[in-house]
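Going by this note's numbering, the sequence shown opens with residue 11, and the numbers climb by one from there.
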Amino acid sequence: MSFYVTTPIYYVNAAPHLGHAYTTIAADVLARHHRQRGEEVFFLTGTDEHGEPVADAAHALGVEPQELADRNAERFRALAPELGASNDFFIRTTDAEHEAKVQEVLARVRDNGYVYEGTYEGWYCPRCADFKAENEIDEGNRCPIHHIELTREQEENYFFALSAFQERLEQLYAERGDFVAPRARFNEALSFIRSGLRDVPLTRHNLTWGVTVPWDHEHVFYVWFDALLNYYSALSYAPMPAGFAASGEDLVERLWPASYHLIAKDILRFHTVYWPALLMAAEIELPERVFVHGYLLMDGEKMSKSLGNVLDPFAVIERFGADALRFYLLREVPFGRDGSVSTTSFELRYETELANELGNLASRTLGMLGRYRGGVAPEAELDTELAEEFAGLRARVEGLLDAAELTAALDEIWQRVKRMNRYVEERAPWQLAKDDDRAGELDSVLASLLEGLRVVGVLLWPYMPASCEKLLAALGAASGSLAAGELGAARVGAVGTLEPLFPKEPA
Ligand code: ME8
11 MSFYVTTPIY
21 YVNAAPHLGH
31 AYTTIAADVL
41 ARHHRQRGEE
51 VFFLTGTDEH
61 GEPVADAAHA
71 LGVEPQELAD
81 RNAERFRALA
91 PELGASNDFF
101 IRTTDAEHEA
111 KVQEVLARVR
121 DNGYVYEGTY
131 EGWYCPRCAD
141 FKAENEIDEG
151 NRCPIHHIEL
161 TREQEENYFF
171 ALSAFQERLE
181 QLYAERGDFV
191 APRARFNEAL
201 SFIRSGLRDV
211 PLTRHNLTWG
221 VTVPWDHEHV
231 FYVWFDALLN
241 YYSALSYAPM
251 PAGFAASGED
261 LVERLWPASY
271 HLIAKDILRF
281 HTVYWPALLM
291 AAEIELPERV
301 FVHGYLLMDG
311 EKMSKSLGNV
321 LDPFAVIERF
331 GADALRFYLL
341 REVPFGRDGS
351 VSTTSFELRY
361 ETELANELGN
371 LASRTLGMLG
381 RYRGGVAPEA
391 ELDTELAEEF
401 AGLRARVEGL
411 LDAAELTAAL
421 DEIWQRVKRM
431 NRYVEERAPW
441 QLAKDDDRAG
451 ELDSVLASLL
461 EGLRVVGVLL
471 WPYMPASCEK
481 LLAALGAASG
491 SLAAGELGAA
501 RVGAVGTLEP
511 LFPKEPA
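Now the structure itself:
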């Protein structure tokens, strides 16, 4: 089994912000979960370096586009490990191998008869790098996303015959109800298709910052076609991950088609309409699914570098650690919907859920084991009540993560954390410890809590890898296999020490 997950490649016109961190974190959770299943996983992220958004930003700063790209690509590359992201490769669209692949695939699209010369005239947003139809324009000829005035473009271009794929796209949506999720986004894409597809520019004549069109050196490819192809081109030159079993196949053969493209709704149309059409035109298999998450909002507006209302992920990580940020974003904003984020709600969740509910549960449990049983886990039978609470949990988490329901899966696990907190209060081990006749009961309570913590550590590991590794190490357990995510699957033995997982007063 293989699992190939991607994030969008981010524009290098400015530094990374929390919105970028969000998609990267989400993709990382899926990648880690699938590695726990024992699958061959490939997780790709990277940067989109061509086109007007980058060329314009560079000119405004008085530097060459390549210089700006080099500077900001490094920041995006550095963000991934800071977030705890385990990406297997980082693609840059200025990589020579990527550029060569773009030329090869798009020449094939032309050979297959889907490219023709024409004149484009219409409205264009240089920040979106997108041509806007009349019904997508805000009052005053403004971009609905960036609120800037659109420019009128007239250009001799090569066109991609998108309209030729109208029927095949409709058929794709009829046959594959899970091609796009959530459902509302599927419907949005389908209704865009049904409204009638128009051909789109494949090349730009007035721009030089891009991949040269091999059959006409006066043109560069329109940045979106160059960018989308990253998902495919990366596999032709990324190194084989260390854990992959030996086989004669290269990464394209092993991993294509992609299992999941994660994106936000701003780039829905490119991924759910242009991308499948382009692949059909090039005779390449289509990806399995596109999951469209919502926007992180601050003060009710989409956070974005062009609007300047940005919360700095680096600052949060420095004080609270990457795990807290990962947990907060996926817990606070239901994955697939828009949601507001703020430092106030972050601090509240950190304190009540991470420090109190999980951190305290772990330190209390280990503390009681030390006090009452010398730090050695009793071999007692597990409490049936708690066992029932955990029954089927792993399978439900797997099912939800198959559908990229990251928030729902996290909640399933967190309900058990809350349950264990209540269990401690109900069973009051400190009372049981006073009564020698109830030693067996105390054994069972402690053994059950340790097992519960171990299971939670395994299942939460994709969300909070560093903290779960600490917890599991203290329990003498491992995070590697999802099969261990069942109560009783790998009993805890002797227990080590555990520093507070989420200190109340972080640095
Ligand atoms: O669109 N909330 O790059 P980009 C949630 N280069 N997610 C957000 C977000 C927010 N407020 N802001 C950004 C591009 N994102 C193209 C993509 S792909 C072939 C080319 C995330 O730098 C989200 O994943 O504008 C969104 O789709 C992406 O960043 C856009 O990043």
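Note that the Cβ used here is the ideal one computed from N, Cα and C, for glycine as well.
Near ligand 1: Asp58 beta-carbon under 7 Å from a heavy atom: On the sequence shown, residue 58 is found 48 positions in, with the first residue counted as 1. Yes.
Start-to-end residues for the alpha helix (DSSP H) that takes in Cys478: Residue mapping note: residue 478 aligns to position 468 of the sequence shown, counting from 1. Segment Pro475 to Ala484, the alpha helix (DSSP H) holding Cys478.
Euclidean distance between Cα positions of Leu335 and Asn151: Along the sequence shown, one-based indexing puts residue 335 at 325. Along the sequence shown, one-based indexing puts residue 151 at 141. For Leu335 and Asn151, the distance between alpha carbons rounds to 38 Å.
Within-8 Å CB hit, Asp276 to chain B: Chain labels in this structure do not include chain B; a single protein chain is all it has.
Contact check, Gly498 vs Asn240, beta carbons under 8 Å: As a working mapping, residue 498 is identified with position 488 in the sequence shown. As a working mapping, residue 240 is identified with position 230 in the sequence shown. No, they are not a contact pair.
DSSP three-state assignment for His44, whether helix, strand or coil: Mapped onto the sequence shown, residue 44 falls at position 34. His44: helix per DSSP, three-state reduction.
Cα-Cα separation between Cys138 and Val64, rounded to whole angstroms: Stepping through the sequence shown from its first residue, residue 138 is reached at position 128. Stepping through the sequence shown from its first residue, residue 64 is reached at position 54. Distance between the alpha carbons of Cys138 and Val64 is about 11 Å.
Three-pair Cβ contact test at 8 Å for the stretch 385–392 versus the stretch 329–346: no
As assigned by DSSP and simplified to three states, the class of Glu1: The chain is shown from 11 up to 517; residue 1 falls before or after that span and cannot be answered.
Limits of the unbroken beta strand (DSSP E) element including Leu152: Reading the sequence shown from its first residue, position 142 is the one you call residue 152. The residue asked about is misnamed: residue 152 is Arg in this sequence, not Leu. Premise fails: Arg152 is in no beta strand (DSSP E) and is neither H nor E.
According to DSSP, residues forming a beta bridge with Tyr183: As a position in the sequence shown, residue 183 is number 173, starting the count at 1. None; Tyr183 has no bridge partner.
Residue range of the unbroken beta strand (DSSP E) whose run includes Met378: Your numbering for residue 378 matches position 368 in the sequence shown. Premise fails: Met378 lies in the alpha helix (DSSP H), Leu371 to Arg383, not in any beta strand (DSSP E).
Straight-line Cα distance separating Thr103 from Phe52: If you number the sequence shown from 1, residue 52 lands on position 42. If you number the sequence shown from 1, residue 103 lands on position 93. Roughly 18 Å between the two C-alpha positions.
Through-space distance from Gly128 to Gly48, alpha-carbon basis: Here the question's residue 48 lines up with position 38 in the sequence shown. Here the question's residue 128 lines up with position 118 in the sequence shown. Approximately 50 Å, taken between the alpha carbons.
Whole-number beta carbon distance between Leu364 and Leu456, since they are thought to touch under 8 Å: The residue given as residue 456 occupies position 446 in the sequence shown. The residue given as residue 364 occupies position 354 in the sequence shown. Their Cβ separation, rounded to whole angstroms, is 23 Å, which puts Leu456 and Leu364 out of contact at 8 Å.
Backbone secondary structure at His30 - three-state DSSP: As a working note, residue 30 is residue 20 in the sequence shown. DSSP places His30 in helix when its eight states are reduced to three.
Leu238 beta carbon near ligand 1 (any heavy atom closer than 7 Å): As a working note, residue 238 is residue 228 in the sequence shown. The answer is yes for Leu238.
Under the three-state DSSP convention, the category Asn122 falls into: The residue given as residue 122 occupies position 112 in the sequence shown. Residue state, collapsed to three classes: coil.
C-beta atoms of Tyr270 and Val39 nearer than 8 Å: In the sequence shown, residue 270 corresponds to position 260, counting from 1. In the sequence shown, residue 39 corresponds to position 29, counting from 1. Going by C-beta atoms, Tyr270 is not nearer than 8 Å to Val39.
Whole-angstrom C-beta distance between Tyr21 and Asp58, which should lie under 8 Å: Counting from one through the sequence shown, the residue named residue 58 turns up at place 48. Counting from one through the sequence shown, the residue named residue 21 turns up at place 11. With 8 Å as the limit, Asp58 and Tyr21 qualify as a contact, their Cβ atoms being about 5 Å apart.
Given 8 Å, three or more beta-carbon pairs between the stretch 171–185 and the stretch 273–291: yes
Cutoff 6 Å; reference Leu368; Cβ partners in own chain excluding five residues on either side: For this step, residue 368 is matched to residue 358 along the sequence shown. Result list for Leu368: Val427, in chain order.
Rounded C-alpha distance that separates Pro513 from Arg85: Residue 513 sits at position 503 when you count from the first residue of the sequence shown. Residue 85 sits at position 75 when you count from the first residue of the sequence shown. Looking at the two C-alpha atoms, the distance is approximately 29 Å.
Through-space distance from Tyr305 to Gly29, alpha-carbon basis: By 1-based counting over the sequence shown, the position of residue 29 is 19. By 1-based counting over the sequence shown, the position of residue 305 is 295. In a straight line, the C-alpha of Gly29 is about 8 Å away from that of Tyr305.
Arg448 versus Leu442: straight-line alpha-carbon distance, rounded: Locating residue 448 in the sequence shown gives position 438, where the first residue counts as 1. Locating residue 442 in the sequence shown gives position 432, where the first residue counts as 1. Using only the alpha carbons, I get a separation of about 6 Å.
Contact the stretch 130–148 vs the stretch 157–176: 3+ CB pairs below 8 Å: yes
Pairwise C-alpha distance: Ile273 and Val300: Within the sequence shown, the letter at position 290 stands for residue 300. Within the sequence shown, the letter at position 263 stands for residue 273. C-alpha separation (whole angstroms): 7 Å.
Any non-hydrogen atom of ligand 1 closer than 7 Å to His30 Cβ: Working through the sequence shown from its first residue, we reach residue 30 at position 20. Correct: His30 has its Cβ closer than 7 Å to ligand 1.
Glu415 (DSSP reduced to helix, strand or coil): Against the sequence shown, residue 415 aligns to sequence position 405. Residue state, collapsed to three classes: coil.
Closer than 7 Å: Leu54 CB and nearest ligand 1 heavy atom: Taking the sequence shown and counting its residues from 1, one reaches residue 54 at position 44. Flag unset: Cβ of Leu54 not near ligand 1.
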